[in-house]
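Everything in the sequence shown is counted per this note's numbering, starting at 90 for the first residue and increasing by one.
In what follows, a single structure is set out as structure tokens and then discussed.
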Amino acid sequence: MSSLDGTVLVTGGAGYIGSHTVRALREAGRDVVVYDSLELGRREAVIDAPLVIGNIADSDLVTATCNEHGVTQLVHFAAYKAVGESMKSPAKYWRNNVAGSVELYEACLAAGVHDVVFSSSCSVNGTPAAVPVSEDAPIHPESVYAESKAMVERILHWCGQTTPLRSVALRYFNAAGASFDARIGEDWTYSQNLVPLAMKALLLGNPRLTVFGNDYDTPDGTCIRDYIHVDDLADAHVRALDYLGSGGDTTVLNIGTGVGSSVLEVLEATARAAGEDVPHDIMDRRPGDPVITYADASLANATLGWRARYGLIEIIDSAYAWHRQQVDRSLPRESQES
Ligand SMILES: NC(=O)c1ccc[n+]([C@@H]2O[C@H](COP(=O)([O-])OP(=O)(O)OC[C@H]3O[C@@H](n4cnc5c(N)ncnc54)[C@H](O)[C@@H]3O)[C@@H](O)[C@H]2O)c1
């Protein structure tokens, strides 16, 4: 039996990127079991996929879940991701992101699960010396969070040398957008990312968005990032599992569009979608922000046949529709009518 015939264990599947990937996997005909503590995820985001509530460090529960559901492949999203928090509480990140991953891989190996897709991040490269950023750019994490991702990449490399485990570490650039039916999307309660913060400023007016620096050496003076639609990310995971199930070797792949957008371009696209400007203030530069980063994703294309289908317009339009609907739902009927 191929590992592609079994169930996919999706840790962190109730979170933002995980929930979109669960949907994509099911649409591709895969059986899935979501494994999430729900500390930062939402039960509704799983829709009707099987859900086990637990911590990745609970080896007994991971093993029991693998055995009960016939798990043959793992997609591992579960982690903390707040860069600022990681600098204030580093042990929390070493424990959850690094030690938790080790426990998870051990339990999966013991249950005969050998195919792993791991959520890494372009932040492992820190401030890139050159753009577009390719996979062989120097590893230079500038936060505890980024270092935790770089460490797990190395752990996976050594798992590949010492065990039957084979892995694809996907280095995401800036995940953004929502499902096109506005059913699932990013939770702005927890997110520190530009798109949800801009939507919050636009739809609630409070807090206003802070733009950190408009005097960088870029066309409009603001920082440039590679925003990748969450459904394009989800598609990369489906393909990475296919690749591993067909015998592919351990590898690391950048997942981005290859196109950089400035902060002001994101705000302009948001204003166009909403028909009104995003309330914002320009402040001083923030230490540690790379000026420009965007991906060379040609290796993902060559390895997985993957390429991004969507750009900034689809990202902003889908995010706006999702957040607009969340706000409409949370308002009492009278205030919507007034
Ligand atoms: N969002 C981005 O732009 C981005 C970029 C690069 C990498 N990543 C990585 O992608 C992954 C998913 O990111 P996201 O934006 O969907 O985050 P998210 O916070 O929405 O989802 C993470 C999920 O993992 C769960 N979780 C955390 N620790 C757990 C544990 N110990 N046991 C069980 N469940 C646990 C949370 O409850 C949550 O549902 C993370 O590993 C993140 O570091 C995200």
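The beta carbon of each residue, even a glycine, is placed where N, CA and C say it ideally should be.
In this text the structure is predicted, and so the values were computed from the model without any measurement.
As assigned by DSSP and simplified to three states, the class of residue i
i	result
His318	strand
Gln415	helix
Tyr261	strand
Arg255	strand
Gly392	Reading the sequence as shown, one finds Thr at residue 392 and not Gly. Looking at Thr392 - three-state DSSP - the assignment turns out to be helix.
Closer than 6 Å: residue i CB and nearest ligand 1 heavy atom
i	result
Ser496	In the structure displayed, the chain extends from 90 to 427; residue 496 sits before or after that span and is not available.
Ala264	yes
Asp320	no
Asp125	yes
Ile106	yes
Ile244	no
Asn74	The requested residue 74 does not occur in the structure, where the chain is confined to residues 90 to 427.
Lys170	yes
Leu114	no
Leu330	no
Val377	Residue 377 is actually Gly in this sequence, not Val. No, since every heavy atom of ligand 1 falls outside the 6 Å radius drawn around the Cβ of Gly377.
Gly118	no
Gly130	yes
Residue i versus residue j - alpha carbon distance
i	j	result
Arg260	Met176	21 Å
Asp120	Ala153	17 Å
Asn343	Pro221	11 Å
Glu192	Val241	12 Å
Arg413	Gly400	20 Å
Gly104	Gly130	4 Å
Gly345	Ile317	6 Å
Ala323	Leu330	11 Å
Ile428	Ala134	This structure cannot settle anything about residue 428, because the visible part of the chain is limited to 90 through 427.
Thr340	Arg361	39 Å
Leu93	Val122	14 Å
Gln281	Ala171	7 Å
Tyr182	Glu275	21 Å
Leu98	Thr382	32 Å
Arg422	Ala267	Residue confidence for Arg422 is low, a pLDDT of 49 falling below 50, so the modelled location carries little weight and cannot support an answer.
Ser223	Val202	29 Å
Phe262	Cys155	30 Å
Arg398	Leu353	23 Å
Arg115	Val205	18 Å
Cβ distance (whole Å) where residue i is taken to contact residue j below 8 Å
i	j	result
Val327	Ala113	5 Å
Val380	Asp306	7 Å
His369	Ala290	6 Å
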